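Note sheet for the following structure.
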Amino acid sequence: MFDLEYQLKNLPDKPGVYLMKNNLGEIIYVGKAKILKNRVRQYFQKSQKHSEKVKAMVKNIEEFEYIITDSEIEALILECNLIKKYRPKYNILLKDDKHYPFIKVTLAEDFPRVVSTRKVTKDGSKYFGPYVDGSSVKDIIELIKKTFPIRTCKKNIVEGAKAIRPCLNYQIGLCKAPCAQYIKKSEYREIIDDVIKLLSGKHLDIVENFKLNMEKAAENLEFEKAAMLRDKINIIEKIGEKQKIILNNFDNEDYISLYSDGKDTCFQVFFLRNGKIVGREHFIIEDTFDTNSSTLISNFLKEFYGGTAYIPKTIYVPSIEDEALLEQWLTLKKESKSTIKIPIKGEKKNILVLVEKNAKTTLENFKLKYLQEKALYDNVLKDLKNILRLQEEPIRIEAFDISNIQGFDSVGSMVVFEKGRAKPSDYRRFKINTVKGADDYKSMKEILTRRFQHGLSEIKSIQDRKLEFSSGKFSVFPDLILMDGGKGQINIALEVLNTFNIDIPVCGMVKDNKHRTRGLIYNGEEIIINKYGSVMKFITRVQDEVHRFAISYHRSLRGKNSFHSLLDDIPNIGEKRKKDLLFNFKSIDNIKKATYEELLSIPSMDKKSAECVLEFFK
Numbered sequence: 001m002f003d004l005e006y007q008l009k010n011l012p013d014k015p016g017v018y019l020m021k022n023n024l025g026e027i028i029y030v031g032k033a034k035i036l037k038n039r040v041r042q043y044f045q046k047s048q049k050h051s052e053k054v055k056a057m058v059k060n061i062e063e064f065e066y067i068i069t070d071s072e073i074e075a076l077i078l079e080c081n082l083i084k085k086y087r088p089k090y091n092i093l094l095k096d097d098k099h100y101p102f103i104k105v106t107l108a109e110d111f112p113r114v115v116s117t118r119k120v121t122k123d124g125s126k127y128f129g130p131y132v133d134g135s136s137v138k139d140i141i142e143l144i145k146k147t148f149p150i151r152t153c154k155k156n157i158v159e160g161a162k163a164i165r166p167c168l169n170y171q172i173g174l175c176k177a178p179c180a181q182y183i184k185k186s187e188y189r190e191i192i193d194d195v196i197k198l199l200s201g202k203h204l205d206i207v208e209n210f211k212l213n214m215e216k217a218a219e220n221l222e223f224e225k226a227a228m229l230r231d232k233i234n235i236i237e238k239i240g241e242k243q244k245i246i247l248n249n250f251d252n253e254d255y256i257s258l259y260s261d262g263k264d265t266c267f268q269v270f271f272l273r274n275g276k277i278v279g280r281e282h283f284i285i286e287d288t289f290d291t292n293s294s295t296l297i298s299n300f301l302k303e304f305y306g307g308t309a310y311i312p313k314t315i316y317v318p319s320i321e322d323e324a325l326l327e328q329w330l331t332l333k334k335e336s337k338s339t340i341k342i343p344i345k346g347e348k349k350n351i352l353v354l355v356e357k358n359a360k361t362t363l364e365n366f367k368l369k370y371l372q373e374k375a376l377y378d379n380v381l382k383d384l385k386n387i388l389r390l391q392e393e394p395i396r397i398e399a400f401d402i403s404n405i406q407g408f409d410s411v412g413s414m415v416v417f418e419k420g421r422a423k424p425s426d427y428r429r430f431k432i433n434t435v436k437g438a439d440d441y442k443s444m445k446e447i448l449t450r451r452f453q454h455g456l457s458e459i460k461s462i463q464d465r466k467l468e469f470s471s472g473k474f475s476v477f478p479d480l481i482l483m484d485g486g487k488g489q490i491n492i493a494l495e496v497l498n499t500f501n502i503d504i505p506v507c508g509m510v511k512d513n514k515h516r517t518r519g520l521i522y523n524g525e526e527i528i529i530n531k532y533g534s535v536m537k538f539i540t541r542v543q544d545e546v547h548r549f550a551i552s553y554h555r556s557l558r559g560k561n562s563f564h565s566l567l568d569d570i571p572n573i574g575e576k577r578k579k580d581l582l583f584n585f586k587s588i589d590n591i592k593k594a595t596y597e598e599l600l601s602i603p604s605m606d607k608k609s610a611e612c613v614l615e616f617f618k
């Protein structure tokens, strides 16, 4: 048994990382300390300085453990790694580790290319970004390809190498064909230099040069060439318009600020590259309560730059904790100097004020939308509870579906809705293992059995402290199971639940003669629902989502195994016989129905192979 008082008295007087755990042994918070003894004890001392979030966390702490490190910077690095690994409830957690897209000019190559990448490495290339919008990167690269005749192929082209035949891009004027040695390395580099100027925000120089050439072409009556240059000028100006100049310096800088409303916080990040905003991003963290802004920003920086692909030269913030330590950590990650600055006045301060205003607007809009959606979903769940006469509102709903084409690659899918919203992180896919052919009932029985078998196994492992609650994939059971089919599928689901002695309400869908849902079946009773009401819209949304998820998985399997067929599983049926059977019978269903004599009528079939087909589909 964990003796809290004893462990607190024996904490070491050294730097390290501490891990707070709840009564399930689940890690709910990870922190670092310069002196473990002082930091950990603070949580258990009564103090008015504790935020509401800290007070709530302390109530859930059942035990803790710690890891001693040699220095505070080692503690910070370990803290970031453990937060990423365990995703604790009370740490600031971003939705994912965003690796933003960059535009990469492959300068290490004799004839460089312009490509999109999400990974920045020291490979001799020049990188521009990050761009928050991936489609924006794609658009810019496409515009560059239309304007500058650079190669797009991945061939290893070296000056002086053996010439090869140029592709279509050369024929239509989109490439100078370095592969055919039609252009020198130095001449090609001049084109690339213009691309770099454009991406660096120096597009006015290029426009001026193009305008001079356009005027010269017009004077020489080369109107087609002049028109082409005019179009290129428009494209270059369009790229330039995508970036707003707000500073006259040319450093890479991030500006980070936040706005809190006493409960939740919105962090806003502006990415400035070469004095221009190339993108911005926001993150909303719920239940921060009254945590001070310096602590919030410090924790945010660790999470954000612990996962993002790029750390700029300078980061501007309104305030921060552990400034020197975080600078040291960022510099280690970047492998070159990175500085955190707190501007007091001037244009840098003005930008931070602008960032904070954006954070405030974003949080207010989020709250307004959230409250509207919450009211809508709350009403839907209340109505669903009343319609089905359930004891509680179905907070968690699971829906299941089967997808196959003529018995080929049967798959099952499970989608989850919590509080009326889809929860993709809990979606699960099942490849049918025990059922041959297109038998939806047996397939559904298999996936439901596997779902609840896994769930019960995980619950036991959690109770035995062999598995953390947050690591369970099936341990949370639904309040309602929604089947896409009618009584047949409901009976299958109830049979599986009875086998495991689990009591969960199951309802199915009633379809009209056009296979459109017109109501629900629950406890053997058909319930007609207003087809224009919010409940029907919600059910349709769940139904569409489970279909989409099942079909997308099925397509991915077909793509990986496009040449597999149910016939491949029949003994003595090779490629030749398979093709002949499908050519003559047109479908798997027709082969199933074929008689012994009809199978033998196929020239490539013999008695043994015909018997194998009949036996397989028996």
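Using full-length UniProt numbering, read the sequence shown as starting at 1 and increasing by one per residue. Glycine is no exception: its CB is placed at the ideal position from the N, C-alpha and C atoms. Remember, predicted model here, so these are calculated numbers, not experimental data.
Opposite residue i in the DSSP bridges: which residues?
i           : result
residue 619 : The shown model of the chain, from 1 to 618, leaves out residue 619, and the question about it has no answer.
H282        : Q268
N523        : Bridge partners of N523: none, in fact.
G16         : A33, I68
R396        : E418
M605        : According to DSSP, which records beta bridges pairwise, M605 is partnered with nothing at all.
T117        : F102
E63         : K21
I164        : Answer by DSSP bridge pairing: none, since I164 is not bridged.
S403        : V411
V506        : I481
K334        : Paired residue(s): none; K334 is not in a bridge.
Candidates the options: which alpha carbon is nearest residue i's?
i           : options                : result
N60         : F44, I73, R465         : F44
S475        : R450, G486, I402       : R450
V132        : K126, L143, S116       : S116
V278        : T295, Y255, A359, F289 : Y255
F111        : N91, A438, P178        : P178
P149        : E63, F64, M214, I172   : I172
L258        : S319, Y6, I157         : S319
F64         : L82, S51, T106, L8     : L8
E281        : I297, F210, K211, N358 : N358
residue 620 : K618, Y170, L229, V546 : The structure shown does not extend to residue 620, since the chain is modelled only from 1 through 618, so no value can be given for it.
F616        : V435, N234, I103       : V435
L600        : K592, A610, K593       : A610
K21         : E5, K46, V58, A33      : V58
Might you give, ordered along the chain, the residues of its own chain that have their beta carbon closer than 8 Å to the beta carbon of residue i, omitting 5 neighbours on each side?
i    : result
P505 : L388, L390, P394, D479, L480, I481, Y522
I490 : M483, V506, C507, G508, I521
E52  : F289, D290
L325 : E72, I73, L76
Can you tell me whether residue i sits near the ligand NAD, meaning its C-beta is under 7 Å from at least one heavy atom of the ligand?
i    : result
Y370 : Looking for the ligand NAD in the displayed structure turns up nothing, as the structure carries no ligands at all.
Checking contacts by CB at 8 Å: is residue i closer than that to chain D?
i    : result
M444 : No chain D is present in this structure, which holds just one protein chain.
To the nearest angstrom, report how far apart residue i and residue j are at their CA atoms.
i    : j    : result
K423 : K341 : 39 Å
E321 : D123 : 34 Å
N561 : F400 : Residue confidence is low: N561 scores 48 on pLDDT, short of 50, so the model does not pin down where it sits. Its coordinate-derived value is still stated next. Rounded to whole angstroms, N561 to F400 spans 24 Å at the Cα level.
Y377 : K367 : 15 Å
F283 : F300 : 10 Å
I285 : T265 : 5 Å
N209 : T362 : 42 Å
L493 : Y441 : Correcting the residue identity first, residue 493 is Ala in this sequence and not Leu. About 10 Å.
K302 : I73  : 12 Å
P343 : N350 : 9 Å
A226 : G129 : 32 Å
K14  : K37  : 7 Å
L566 : G437 : 7 Å
Excluding five sequence neighbours on each side, which residues of the same chain lie with their C-beta closer than 7 Å to the C-beta of residue i?
i    : result
S200 : N274
L384 : P394, V535
F417 : I397, K423, V542
K419 : Y377, I395
Under three-state DSSP, which class holds residue i?
i    : result
S410 : strand
S125 : coil
E187 : helix
I481 : strand
Y427 : coil
D139 : helix
Return the chain-ordered list of same chain residues with a C-beta closer than 6 Å to the C-beta of residue i, the five sequence neighbours on each side being excluded.
i           : result
S470        : E26
I83         : V30, N91
V40         : L11, Y18
N252        : R273, P312, K313
I315        : D254, I340
residue 619 : The first residue shown for the chain is 1 and the last is 618, placing residue 619 beyond what the model contains.
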